[in-house]
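Read in order, the letters of the sequence shown correspond to residues -22 to -1, 1 to 82 in mature numbering (1 follows the signal peptide of the UniProt record, and there is no 0). Working notes for the structure below.
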Amino acid sequence: MFSFVDIRLALLLSAAVLLARGQDEDDGPFGSCRLDGQMYNDKDVWKPEPCQICVCDSGTIMCDEVICEDTSDCADPIIPDGECCPICPESDGPQEPDYGVFMV
């Protein structure tokens, strides 16, 4: 099992590799980024993989893993095609109203 330090080190190394890739010859406008031959403008946001999101920030590519919401209260969560995070599908039948928690 990975420790917190191992995960942080892996993220740091991933960021360093992406930075190195993003610093290719600067053919585009000031602040733009290039990754795998694709040019991104400053402040562009994209998802190279379903569970990863990247942003071009003044010529620097920064990527991070998507953090999913907890679906442990869902009986049968699904992950939609092309998405990263599981969702709880809506039931077709009638649902009981959610009245929240009451203090008496």
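Glycine residues also receive a C-beta, built at the ideal position from the N, C-alpha and C atoms. Because the structure is a prediction, the values reported are computed rather than measured.
Comparing C-alpha distances from Asp14 to each of Ile39, Asp48, Cys52 shows the shortest one belongs to Ile39. Contact annotation: Gly60 and Pro28 have beta-carbon atoms nearer than 9 Å. The alpha carbon of Ala53 has as its nearest neighbour, out of Ile65, Glu47, Glu43, the alpha carbon of Ile65. Annotated as distal: Thr49 and Cys62, with beta-carbon spacing of 9 Å or more.
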